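Engineer:
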Amino acid sequence: MRIKEYRDEKLNEVVYCGKHSSGLEIIVMPKAGYDSAYALFAVKYGSIDTSIKREDGTFEDIPEGTAHFLEHKLFECEELDAFELFSRTGAYANAYTSFEQTAYLFKGSNRIDESLGYLLDFVQKPYFTAETVQKEQGIIGQEIRMYQDLPDWMVMFNLLRALYKSNPVRIDIAGTQESIAQIDDKLLYKLYDIFYNPSNMVLSIVGNVDPEQIFAQVDKAIIRKKQPVPERKFIKEPAKPVQDYIECKLSVGRKQFLLGFKEDLKDPVSDIEDEYATEILIEALFGKSSPFFKRMLDEGLVSMDFGGSLFSGYGFSTVMIGGASDNPEAVADAIKKEIKNAKKHGIDPAAFERAKRKYYGRMVMGYNDIDDCSNLLASLYFNGCKPFDDMKSIQKVSLDKANERLAVINEKCSALSVIIPA
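Residue numbers (our numbering): 272 to 693.
1) What does Ala686 pair with, by DSSP beta-bridge criteria?
2) Which residues in the same chain have their Cβ closer than 6 Å to the Cβ of Val285, if we skip the five residues on either side of it in sequence?
3) Could you give the distance in angstroms between the alpha-carbon of Ser664 and the alpha-carbon of Gly524?
4) For a quick check, are the C-beta atoms of Val500 and Asn471 less than 9 Å apart?
5) Terminal residues of the continuous beta strand (DSSP E) containing Asn365?
6) Taking only the alpha-carbon atoms, compute the straight-line gap between Lys491 and Trp424 and give it to the nearest angstrom.
7) Can you tell me the Cα-Cα spacing of Glu546 and Glu349, whole angstroms?
8) What first and last residue would you give for the alpha helix (DSSP H) that runs through Asp569?
9) Expressed to the nearest angstrom, what Euclidean distance is found between the alpha-carbon atoms of Ile297 and Ile494?
10) Counting along the chain, where does the alpha helix (DSSP H) carrying Cys644 start and finish?
11) How do the stretch 638-655 and the stretch 391-411 stand: do at least 3 beta-carbon pairs fall below 8 Å, yes or no?
12) For a quick check, are the C-beta atoms of Tyr516 and Ala693 less than 9 Å apart?
13) Among the residues of its own chain, which have a CB less than 8 Å from the CB of Asp661, if the five just before and after it don't count?
14) Looking at Leu529: is its Cβ nearer than 9 Å to the Cβ of Met591?
15) Mark Ile274 as exposed unless 16 or more other C-beta atoms lie within 10 angstroms of its C-beta, in which case mark it buried.
16) Taking 7 Å as the limit between beta carbons, can you name the residues of its chain near Glu554, skipping five residues before and five after?
17) DSSP puts Arg278 in a beta bridge; with which residues?
18) How many angstroms separate the CA atom of Asn598 from the CA atom of Lys608?
19) At a threshold of 8 Å, does Tyr638 count as lining the ligand MN (C-beta to nearest heavy atom)?
20) Name the two residues that bound the continuous alpha helix (DSSP H) containing Met427.
21) Please determine, among Asn681, Asp384, Ile690, Leu462, the residue with the shortest C-alpha to C-alpha distance to Leu345.
22) My output table needs one value for Glu585: the three-state DSSP class, helix, strand or coil.
23) Within its chain, find whatever has a CB closer than 8 Å to the CB of Ile410; leave out the 5 residues flanking it on each side and keep chain order.
24) Between the C-alpha atoms of Gly531 and Val404, what's the straight-line distance to the nearest angstrom?
25) Do Ile506 and Gly336 have their C-beta atoms within less than 9 Å of each other?
26) Find out if the Cβ-Cβ distance for the pair His339, Gly412 is shorter than 9 Å.
27) According to DSSP, which residues form a beta bridge with Ala308?
28) For the beta strand (DSSP E) containing Phe346, name the first residue and the last one.
29) Suppose the cutoff is 8 Å on Cβ atoms and the five residues either side in sequence are ignored; what does the same chain contact list for Phe623 look like?
30) Would you say Glu534 and Val679 are within 9 Å of each other, going by their C-beta atoms?
31) In three-state DSSP terms, what is Leu459?
32) Exposed or buried, what is Met575 when buried is set at 16 or more other beta-carbons lying within 10 Å of its beta-carbon?
33) How many Å lie between Ser292 and Lys497 at the Cα?
34) Quick check on this structure: which residue in Lys611, Ala613, Val540 has the alpha carbon closest to the alpha carbon of Thr589?
35) Tell me the rounded alpha-carbon separation between Asp320 and Thr329.
36) For Asp384, which three-state DSSP category applies?
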């Protein structure tokens with residue numbers, strides 16, 4: 272296995288990457304002075320993957336929520352539950368499914384090699400039966416209902432449903448009651464074989480580890496598979512949203528809102544520099560140190576939870592800004608006016624530099640956290656980037672680039688999601 276070394280002199284960090292003969296990408300970042308290690312074994316298979324490509328080039332639909340369902344089921348082994356295995360080493364183990372990936376992880380400070388062995392073993396040995404799948408349908412059904420009572424969750428997914436007509440990002444990560452009812456053990460095995468292909472996966476481990484030892488252990492543990500890497504379906508969305516306003520009632524003390532500006536994408540994957548430029552302009556215009564935030568706060572229209580960020584992934588990109596407010600419509604109008612004014616006069620250079628330094632500082636701090644680091648390295652790989660490409664890209668972001676990205680934010684492609692106190 273050929274090992275590549277990546278260094279960042281400013282961070283004083285080094286990352287080792289190796290491509291296993293199975294196609295698995297292995298990323299190791301040793302951290303001097305750390306007692307623990309964090310490992311992430313991830314597959315490029317998330318909630319937006321609701322179809323599989325046939326041999327003839329057409330796509331076959333699969334039930335929504337299958338990636339999340341598989342995540343739940345993989346922890347069940349034929350003999351012991353995977354959590355019981357990790358309890359032997361004292362490691363914390365967990366998993367998560369996002370829009371674009373499913374990840375299995377552990378964090379521990381002792382017997383890392385044993386924990387890594389457990390991680391690699393249970394993810395590669397699925398065990399499903401008709402009875403356990405049926406039982407899981409009830410458990411996940413309860414989880415879906417539970418999330419429908421969470422204001423932060425609902426305000427975002429309502430916004431996505433208002434903005435997107437066909438993209439699966441509009442569907443709850445766990446799927447729906449109807450979609451999970453279509454899942455059985457045969458389908459899970461079929462999807463596992465398609466997506467859980469080492470060429471479609473990455474292992475990222477950061478902390479108190481020996482790179483040579485990690486590469487040697489993984490080399491012996493990975494099961495080689497010869498099959499094509501699954502291809503995602505790009506769903507071209509109309510520029511305009513489905514609706515410009517959506518609301519629902521939940522048990523909240525104050526109205527919550529989220530205003531979204533949908534980008535009309537020509538390609539499914541955004542440029543990393545464009546993404547960082549967008550994040551910086553949002554911070555410059557609406558961050559805690561911006562005149563806009565101070566004005567809204569002084570007028571009692573927003574609280575300290577107000578803020579914004581870019582929500583983006585394969586086939587979707589939306590600027591989201593929101594928080595709690597007694598008058599969401601007034602704040603939404605003020606946000607649109609602020610964007611219109613910035614387009615006319617340009618982003619304030621001082622505000623841009625301040626926001627860029629702040630965002631860069633957050634990224635540097637992230638490299639001190641082994642959890643964040645491991646997740647970041649895996650995400651960079653899945654997005655076609657190399658280690659430290661994030662640091663290089665943000666340093667290249669200019670004021671002109673930020674103003675260029677500001678021009679993409681279109682009021683006509685916006686929607687407002689509001690949660691009203693029941």
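For every residue, glycine included, the Cβ atom is placed at its ideal position computed from N, Cα and C. All values reported here derive from a predicted model rather than from experimental measurement.
Structural biologist: Let me lay it out:
1) Gly531
2) Arg278
3) 41 Å
4) yes
5) 363-368
6) 41 Å
7) 43 Å
8) 562-569
9) 14 Å
10) 641-653
11) no
12) no
13) Ile543, Tyr547, Met634, Leu647, Leu651
14) yes
15) exposed
16) Ala626, Lys629, Tyr630
17) Val285
18) 16 Å
19) The ligand MN is absent from the structure shown, which contains no ligand whatsoever.
20) 422-434
21) Leu462
22) Strictly speaking, residue 585 in this sequence is Tyr, with Glu absent from that position. If DSSP states are grouped into helix, strand and coil, Tyr585 belongs with coil.
23) His343
24) 37 Å
25) no
26) no
27) Gly379, Gly478
28) Here Phe346 belongs to no beta strand (DSSP E), and DSSP marks it neither H nor E.
29) Ile551, Leu552, Ala555, Leu670, Ala673
30) yes
31) helix
32) exposed
33) 10 Å
34) Val540
35) 15 Å
36) helix
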